[in-house]
Amino acid sequence: MADDGEERVKPSSEETLEGSILSPQGVTEVLCEACDQLGWKSPTKIQVEAIPVALQGRDVIGLAETGSGKTGAFALPILQSLLASPQRLHTLVLTPTRELAFQISEQFEALGSSIGVKCAVVVGGIDMMSQSLVLAKKPHIVIATPGRLIDHMENTKGFSLRALKFLVMDEADRILNMDFETEVDKILKVIPRDRRTFLFSATMTKKVQKLQRAALKDPVKCAVSTKYSTVDKLQQYYVFIPAKYKDCYLVSIINELAGNSFIIFCSTCNSAQRVALLLRNLGITAIPLHGQMSQNKRLGALNKFKSKSRSVLLATDVASRGLDIPHVDCVINYDIPTHSKDYIHRVGRTARAGRSGKSITFVTQYDVELFQRIETLIGKKLPAFPTQEEEVMMLVERVNEAQRFARLEMKEKGEKRKRPRGGDGDEDDTEQSSGVRKKVRGGPK
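Numbering of the sequence shown is given in full-length UniProt numbering, commencing with residue 1 and proceeding in unit increments.
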């Protein structure tokens with residue numbers, strides 16, 4: 001299906017680059033150079049386990065913790081196959097979320113930049129017609145959420161995956177937990193049976209085992225994580241605090257760890273928005289990421305955080321798995337997760353790819369039982385994060401004022417949404433809260 005135009009994948013030498021970190025795994029020279037340019041210093045455990053097996057032509061089941069480098073583990077063998085046999089609509093990658101789809105696309109395009117790889121991201125929340133135009137150009141790799149892919153398979157004229165060579169299901173456990181089983185079954189029925197399949201999952205659930213039996217042929221299992229684990233370089237703490245002083249402790253810890261980047265997890269969209277406004281009113285560069293924001297604003301928030309123009313990302317669990325956000329120094333569980341497994345996924349945002357990181361979980365008088373469940377799940381007692389109560393209490397007046405302004409701004413935003421809007425302002429970026437901040441900043445430190 002490859003054409004003779006400039007869009008074709010450029011062929012490359014099959015020799016591996018001596019001294020490159022991935023050459024012992026059998027990765028070709030041009031891809032090793034791409035890894036070097038991305039600053040990959042050494043292959044991760046899942047890459048060492050999975051890449052040689054994949055290059056031998058086997059199906060792969062990869063069980064790997066968040067931040068383990070699993071995208072590289074499946075992207076490199078696929079790109080190497082494309083080099084050997086260039087073809088349009090060569091690979092389909094299924095993901096559970098839109099954000100993860102875009103991040104996988106970024107990784108493929110970065111690794112394949114020198115060989116002309118073209119990707120298409122096919123997810124909900126974006127115009128079907130514009131996606132149809134991209135698919136009509138027959139990209140090499142399609143990264144999709146199952147529901148929107150089915151929409152195109154049923155409604156987009158000329159779109160077919162009947163010549164597909166590779167299928168990847170990333171975060172398969174989460175795809176199935178989000179009730180995409182019907183869509184996945186439909187996709188499996190129309191793609192070639194002689195394709196290669198890579199299945200990656202954080203855990204091997206019964207649903208994933210069932211999918212493995214249906215979709216993979218004689219797979220090799222590459223497991224580099226236990227069922228519920230956190231990485232060794234992650235320092236985990238808790239802070240036991242009165243519920244009414246959560247905001248004061250949050251501001252105190254951010255000030256104490258100034259210069260670091262933070263993801264702060266909240267239980268609701270409203271809480272993430274409010275705390276982001278509160279922090280901005282205190283001069284802290286914070287931005288929210290939650291499910292009530294449009295797709296463009298969510299991607300915008302991620303890009304601002306990744307580019308370090310914002311140091312604090314206030315997130316709901318929509319961002320707690322799969323997102324490739326490099327260099328997160330600290331995760332704070334502002335609201336303790338109600339499901340203990342979500343704790344693993346949240347704190348997995350830091351200490352990624354061999355780097356160290358911290359996580360701090362706020363435990364109020366109402367959260368003790370949930371916290372004990374988390375400790376039971378991970379098999380360890382967490383130490384308390386050292387805080388100075390006297391210093392925290394000195395922040396009460398300033399934080400109370402910032403809380404009041406944040407509530408007013410939330411109310412104003414709610415009223416604006418009820419009225420017809422003339423423009424397309426970025427109302428989910430808390431920088432909209434001007435004037436207010438000056439008053440709060442003016443207080444004593």
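Just so it is clear, CB atoms sit at the ideal spot from N, CA and C, and this is done for glycine as well. It should be emphasised that the depicted structure is a prediction, and the values quoted were computed from it without experimental measurement.
Could you name the residues of the same chain whose beta carbon sits closer than 8 Å to that of phenylalanine 166, not counting the 5 residues immediately before and after it, in chain order? Ile78, Ser81, His90, Thr91, Leu92, Arg195, Arg196, Thr197 and Phe198
Measuring straight from C-alpha to C-alpha, what distance separates valine 142 and histidine 345? 26 Å
Candidates His140, Gly62, Gln25 and Asp247: which alpha carbon is nearest serine 113's? His140
Which of the three DSSP states, helix, strand or coil, is assigned to lysine 70? helix
Going by DSSP in three states, proline 288 sits in which element: helix, strand or coil? strand
Threonine 376, enclosing alpha helix (DSSP H) - first and last residue: 368-378
By how many angstroms is the C-alpha of serine 340 removed from the C-alpha of glycine 357? 20 Å
For glycine 5, three-class secondary structure by DSSP: Because glycine 5 sits at a pLDDT of 39, beneath the cut-off of 50, its placement in the model cannot be relied upon, and the point is left open.
Would you decide whether proline 11 is buried or exposed? Buried here means 16 or more other CB atoms lie within 10 Å of its CB. The predicted model places proline 11 with a pLDDT of 42, which falls under 50 and marks its position as unreliable, so this point remains unresolved.
Helix, strand or coil for asparagine 296 per DSSP? helix
Considering Cα atoms alone, identify which of Phe180, Lys41, Val123 and Asp367 is closest to histidine 152. Val123
Let me check understanding here. Comparing Cα to Cα, which of Ser261, Leu76, Ser68 and Arg280 lies closest to glutamate 33? Leu76
Would the beta-carbon of isoleucine 332 fall within 8 Å of that of phenylalanine 405? no
Closer than 8 Å is the cut-off here; do at least three beta carbon pairs connect the stretch 257-274 with the stretch 311-318? yes
Which term fits proline 386, buried or exposed, when burial requires 16 or more other beta carbons within 10 angstroms of its beta carbon? exposed
Three-state secondary structure (DSSP) of serine 130: helix
Cβ-based neighbour list, alanine 110, same chain, cut-off 8 Å, excluding 5 preceding and 5 following: Ala34 and Leu38
Less than 6 Å between C-beta atoms, sequence neighbours within five positions excluded: which residues of the same chain meet that for proline 288? Ala272, Gln273, Ala276 and Leu314
Identify whether arginine 407 lies in helix, strand or coil by the three-state DSSP scheme. helix
Kindly indicate which three-state DSSP category alanine 202 falls into: helix, strand or coil? coil
What three-state label does DSSP hand isoleucine 336 in the structure shown? coil
Looking at C-beta atoms only, is the number of pairs between the stretch 55-68 and the stretch 214-221 that lie closer than 8 Å three or more? yes
Grab the span of the beta strand (DSSP E) containing serine 359 for me, first residue to last. 357-363
Tell me the DSSP secondary structure of leucine 234 in three-state form. strand
Applying the criterion that 16 or more other CB atoms from any shown protein chain within 10 Å of the CB defines a buried residue, is threonine 376 buried or exposed? exposed
On the DSSP letters alone, give me the boundaries of the alpha helix (DSSP H) that valine 251 sits inside. 246-256
In whole angstroms, what is the alpha-carbon distance linking asparagine 177 and glutamate 390? 45 Å
With 16 other Cβ atoms within 10 Å as the buried cut-off, status of valine 368: exposed
When you compare only the Cα positions, how much space is there between lysine 308 and proline 326? 10 Å
Alpha-carbon spacing of asparagine 281 relative to arginine 407, whole angstroms: 11 Å
In three-state DSSP terms, what is alanine 75? helix
State buried or exposed for aspartate 335, treating a residue as buried only when at least 16 other CB atoms are found within 10 Å of its CB. buried
For alanine 384, count neighbouring Cβ atoms within 10 angstroms of its own Cβ and tell me buried if that reaches 16, exposed if not. exposed
Let me confirm a value: alanine 84 is counted as buried when at least 16 other C-beta atoms fall within 10 Å, else exposed. Which label applies? exposed
Look up alanine 172 in the DSSP assignment and say whether it is helix, strand or coil. helix
By DSSP, does threonine 91 sit in helix, in strand, or in coil? strand
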